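J.:
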Amino acid sequence: MNKVFNYSVVAVASSVLSFNAVAQTQPLSQQMAATVMEIWKDSLNLNPEVPKKVKWAYDQGVVLEGIDGVWRRTGNGEYFKYMQKSMDFFVTKEGKIERYKQADYNIDNVKNGRILLTLYKVTGNKKYFTAATTLWEQLKQHPRTKEGGFWHKKIYPYQMWLDGLYMGQPFYAEYAALVKDERAFDDIANQFVWMEKNARDARTGLLYHGWDESKAEAWADKATGKSPNFWGRAMGWYGMAMVDVLENFPEKHPRRKEIIAILNRFAQAVQKVQDPKSGLWFDVLDKPNEKGNYLEASASSMFVYTFAKAIRNGWLPVSYFTVADKAYKGIQREFIEQRATGKVNLKGTVEVSGLGGKPYRDGSYEYYVSEKVITNDPKGVGAFLLAANEMEMAATPKIGKGKTVVLDSYFNNETKKDQSGNDQSWHYKWDERPNGGFSFWGEQFQNSGFKLHTLYQAPTQANLKNASVYIVVDPDFEKENPNPNFITAPDIKQITAWVKAGGVLVLMGNDAPNVELTNFNKLANVFGVHFNGDSKGTVPVAANFETAKVVVPAGNEIFTPKDLFIKEYSSLKLSGNAKTILKDKDGDDLMSVTKIGKGTVFVIGDPWLYNEYVDGRKLPAKYKNFEAGQELVNWLAKQAAAKK
């Protein structure tokens, strides 16, 4: 999982809050998303009066990835519904992509595959995987240079453009990770190696927009095949491609370090051409004083996203955060304007720039600065959403900094076959995006500074040594796992010793038909807690959510007053030092806390913070499970700090 970054929250927060404090009632990411959902209501249509003009276009994929980021940080299901509606305009129930032609071999057309994979991972609907596989098949057959680099398009033979690395490689990596195609990652690494080798300028470290292997194009240097200029957005696409690929590139793959090295060379070059006054970047990167050149919004947003995401994951040194912070402040000053209450516009994005084609684009400086600059271009808007997401994540207080939260996958070790027939660990896992996963809660931990870890072995004081929080949820019995690992007396001894030494233990049960309680209770009993094995909060009628409502009163130790949804849980019986944290409407104990030695134990009879009931797709907005998940993260961090 992602590494925790160490830069100052105060500096980041000042950047996020620097934009018009009166007008900004919500974070900028949400204000930009509100504009998106207003002006592009039905897929990405710049002219809603002419629906036939809607195309299967990469612009939409950039915007929707930004929307996905906002969804994951807010738990507002309207964002997911927007993403799904946008893609369902194109994807039939059989998984065919309307308005897409594989025979074009246009690498731009692969970009939206990442949204298809998101929809598949979240919903499990095979039509999205089928559609994504169509794009995978395009990559398998896509024409290549002699080295093996993907052509940008069939109509642009022998050419690699920086843009194309972003359009193709992040999807290539995510699909390969999903289907466990390890061989694909050598090919992915090569695309970056070859692009840098063929397009990099040794003097500046910048990469030219395009490279023509044949050297036949009028824009291509006859000796090198390179295009004449360093276009800002092209370099932006290239940077985003690297950080998006790395999130799915296997940690132990020997070629991962090559991409990280290229990313670091990229960062050095980009930093040198940052405008010292505004913190932004020019349309043509290395000619700030040339007539007609201008500060450009999409490239600046892409660089902020690239730097901030790379720092968050430990791929770039923290010192680079000053580059992203200065640029983000500049974007807010130069390009953001209030559209209406709760909505903003993004000014200053060049609509398009390319090479060749008809009319012919010669790659000259004069060509680049002659292209139209517009407000709310989707490429700029999408890039800004991505940048704002990263900067707002960086501004989240890092109360878990230096701490690790460990999720058990030994007692809860269910497996199933994935779409490719591979064994897949599932049910309450950090990286699991369907209903039963903990991906939302996991990201709340990460955004608060925690490192995530999963323990696949029996717990011991040794393998829990670096854990601040250890979570055991829904232990298996034979119905779920033919060879379950029951909690044993040695396990209880090890866990108890770790807690007494200062560990923070979280026990999440379930209702009796869905959890092994005999042995789980032996562990819970040590801390004065007993799962009663009943099933409370049942919902006998679909969507009758009130039957599972739990009200948090004022003065609660962990949660602010709110309505929670907790369905089919086991109530608790408390003894000894265990104390009630929350009761249900019948007065039964629902959550408890026990202090023992230097440690703390939190217990609830349900895994209630799994995606289905925090991601906003199912629950009415009145239920605040997502917010409660963050409050629990905050409280656990304080308990972990208290042991020092």
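Residues in the sequence shown are numbered consecutively from 8, following my numbering. Note that CB positions come from ideal geometry on N, CA and C, so glycine has one too. For clarity, every value in this text was computed on a predicted model and none was experimentally measured.
First and last residue of the beta strand (DSSP E) that includes N528?
T.: Indexing the sequence shown from 1 puts residue 528 at position 521. Segment 525 to 533 is the alpha helix (DSSP H) holding N528; no beta strand (DSSP E) there.
J.: Can you give the beta carbon distance from K602 to Y576, rounded, assuming they're within the 8 angstroms contact cut?
T.: Locating residue 602 in the sequence shown gives position 595, counting from the first residue. Locating residue 576 in the sequence shown gives position 569, counting from the first residue. Actually they are not in contact, since the Cβ atoms of K602 and Y576 sit about 23 angstroms apart, beyond 8 angstroms.
J.: Inspect the beta-carbon positions of Q33 and G389 and report whether they are closer than 7 angstroms.
T.: The residue labelled residue 33 in the question sits at position 26 within the sequence shown. The residue labelled residue 389 in the question sits at position 382 within the sequence shown. Not in contact: Q33 and G389 (Cβ atoms no closer than 7 angstroms).
J.: Indicate the three-state DSSP secondary structure (helix, strand or coil) for I195 in the structure shown.
T.: On the sequence shown, position 188 is the one that residue 195 refers to. Residue state, collapsed to three classes: helix.
J.: How is the beta strand (DSSP E) around G217 delimited, first residue to last?
T.: Position 210 of the sequence shown, counting from 1, holds the residue named residue 217. Per DSSP, G217 belongs to the beta strand (DSSP E) from 217 to 219.
J.: In the DSSP assignment, the beta strand (DSSP E) including V608 goes from what residue to what residue?
T.: Here residue 608 refers to the residue found at position 601 when the sequence shown is read from its first residue. Element bounds for V608: 606 to 611.
J.: Whole-angstrom Cβ separation of Q166 and L126, contact assumed at under 8 angstroms?
T.: Here residue 166 refers to the residue found at position 159 when the sequence shown is read from its first residue. Here residue 126 refers to the residue found at position 119 when the sequence shown is read from its first residue. That belief does not hold up - the Cβ atoms of Q166 and L126 are roughly 32 angstroms apart, past 8 angstroms.
J.: Starting from W244, follow the alpha helix (DSSP H) in both directions and report where the run begins and ends.
T.: For this step, residue 244 is matched to residue 237 along the sequence shown. Its alpha helix (DSSP H) spans residues 239 to 253.
J.: Across the region 349 to 362 and the region 207 to 227, are there enough close Cβ pairs to call them in contact, namely three or more that are closer than 8 angstroms?
T.: Short answer: they touch.
J.: Tell me G363's beta-bridge partners as DSSP assigns them.
T.: Stepping through the sequence shown from its first residue, residue 363 is reached at position 356. For G363, which the question treats as bridged, DSSP gives the partners R368.
J.: Just the Cα atoms here: how many angstroms apart are I502 and H537?
T.: Position 495 of the sequence shown, counted from the start, is the residue given in the question as residue 502. Position 530 of the sequence shown, counted from the start, is the residue given in the question as residue 537. Each residue's alpha carbon lies about 17 angstroms from the other.
J.: Could you name the residues of the same chain whose beta carbon sits closer than 7 angstroms to that of A196, not counting the 5 residues immediately before and after it, in chain order?
T.: Here residue 196 refers to the residue found at position 189 of the sequence shown. Around A196: R262, E265, I266.
J.: Check R262 in the structure and name its three-state DSSP category.
T.: The residue labelled residue 262 in the question sits at position 255 within the sequence shown. R262: coil per DSSP, three-state reduction.
J.: Would you say Q339 faces chain B, with C-beta separation under 7 angstroms as the test?
T.: Going by chain labels, chain B is absent from the structure shown, which holds only one protein chain.
J.: Mark E189 as exposed unless 16 or more other C-beta atoms lie within 10 angstroms of its C-beta, in which case mark it buried.
T.: Within the sequence shown, residue 189 is the residue found at index 182, counting from 1. When all chains shown are included, E189 counts as exposed.
J.: Quick check: G387 and T356, are their CB atoms within less than 7 angstroms of each other?
T.: To locate residue 387, count along the sequence shown from 1; it is residue 380. To locate residue 356, count along the sequence shown from 1; it is residue 349. Taking 7 angstroms as the Cβ cut-off, G387 and T356 qualify as a contacting pair.
J.: Measuring straight from C-alpha to C-alpha, what distance separates D663 and K605?
T.: Any property of residue 663 remains undetermined from this structure, which presents the chain solely from 8 to 651.
J.: Quick test of your reading: L185 and L124, contact by CB under 8 angstroms. State the CB separation rounded to the nearest angstrom.
T.: Counting from 1 along the sequence shown, the entry for residue 185 is found at position 178. Counting from 1 along the sequence shown, the entry for residue 124 is found at position 117. That belief holds up - the Cβ atoms of L185 and L124 are roughly 7 angstroms apart, short of 8 angstroms.
J.: Which of helix, strand or coil does DSSP assign to R207?
T.: Here residue 207 corresponds to residue number 200 of the sequence shown, with the count starting at 1. R207 falls in the strand class under three-state DSSP.
J.: What is the C-beta distance between V330 and F314, in whole angstroms, given that I count them as a contact (C-beta under 8 angstroms)?
T.: On the sequence shown, residue 330 is found 323 positions in, with the first residue counted as 1. On the sequence shown, residue 314 is found 307 positions in, with the first residue counted as 1. The pair is a contact, with the Cβ atoms about 6 angstroms apart (cut-off 8 angstroms).
J.: How many Å lie between P482 and F527 at the Cα?
T.: Counting from 1 along the sequence shown, the entry for residue 482 is found at position 475. Counting from 1 along the sequence shown, the entry for residue 527 is found at position 520. The straight-line gap from Cα to Cα measures roughly 7 angstroms.
J.: Count the other CB atoms within 10 Å of the CB of K405; is the residue buried (16 or more) or exposed (fewer)?
T.: In the sequence shown, counting from the first residue as 1, residue 405 sits at position 398. Label assigned to K405: buried.
J.: For W437, I'd like the list of residues in its chain whose CB is within less than 7 angstroms of its CB, leaving aside the five on either flank, ordered along the chain.
T.: As a first step, residue 437 is located in the sequence shown; it is residue number 430 there, counting from the start. Same-chain partners within the cutoff: M8, L414, F445, S446, G449, L459, T461.
J.: Give the DSSP-derived three-state secondary structure of A644 in the structure shown.
T.: Taking the sequence shown and counting its residues from 1, one reaches residue 644 at position 637. Looking at A644 - three-state DSSP - the assignment turns out to be helix.
J.: In the structure shown, what three-state DSSP assignment does K350 receive?
T.: Taking the sequence shown and counting its residues from 1, one reaches residue 350 at position 343. K350 falls in the strand class under three-state DSSP.
J.: Can you tell me the Cα-Cα spacing of D290 and E439, whole angstroms?
T.: On the sequence shown, residue 290 is found 283 positions in, with the first residue counted as 1. On the sequence shown, residue 439 is found 432 positions in, with the first residue counted as 1. For D290 and E439, the distance between alpha carbons rounds to 40 angstroms.
J.: In three-state DSSP terms, what is E344?
T.: Working through the sequence shown from its first residue, we reach residue 344 at position 337. Strand at E344.
J.: For V252 and Q176, which I take to be in contact (beta-carbon distance under 8 angstroms), what is that distance rounded to the nearest angstrom?
T.: For the purposes of this step, residue 252 is taken as residue 245 along the sequence shown, with counting starting at 1. For the purposes of this step, residue 176 is taken as residue 169 along the sequence shown, with counting starting at 1. Sure, about 5 angstroms apart at Cβ, within 8 angstroms.
J.: Out of R207, D228, W226, N255, which has the shortest C-alpha to C-alpha gap to K245?
T.: Within the sequence shown, residue 245 is the residue found at index 238, counting from 1. The sequence shown places Tyr at residue 245, rather than the Lys named in the question. Checked all of R207, D228, W226, N255; the closest Cα to Y245 is R207.
J.: DSSP state of T329, grouped into three classes?
T.: One-based indexing of the sequence shown puts residue 329 at position 322. Of the three classes helix, strand and coil, the one that applies to T329 here is helix, per DSSP.
J.: Which value, in whole angstroms, describes the spacing of the CA atoms of A347 and Q637?
T.: As a working mapping, residue 347 is identified with position 340 in the sequence shown. As a working mapping, residue 637 is identified with position 630 in the sequence shown. For A347 and Q637, the distance between alpha carbons rounds to 30 angstroms.
J.: Alpha carbon to alpha carbon, how far is R368 from W226?
T.: The residue you call residue 368 lines up with position 361 of the sequence shown. The residue you call residue 226 lines up with position 219 of the sequence shown. Each residue's alpha carbon lies about 8 angstroms from the other.
J.: For D430, collect the residues of the same chain with a Cβ closer than 8 angstroms to its Cβ; drop the 5 residues on either side in sequence, then sort them by chain order.
T.: To locate residue 430, count along the sequence shown from 1; it is residue 423. Excluding sequence neighbours, D430 sits near T422, K423, K424.
J.: With H, G and I counted as helix, E and B as strand and the rest as coil, what does DSSP make of V506?
T.: If you number the sequence shown from 1, residue 506 lands on position 499. In this structure, V506 counts as helix in the three-state DSSP scheme.
J.: Assuming T495 is part of the alpha helix (DSSP H), what are its boundary residues?
T.: Taking the first residue of the sequence shown as 1, we reach residue 495 at position 488. From DSSP, T495 is part of no alpha helix (DSSP H); its letter is neither H nor E.
J.: For K134, count the other beta carbons within 10 Å of its own beta carbon; 16 or more makes it buried, fewer makes it exposed. Which is it?
T.: In the sequence shown, residue 134 corresponds to position 127, counting from 1. So K134 counts as buried.
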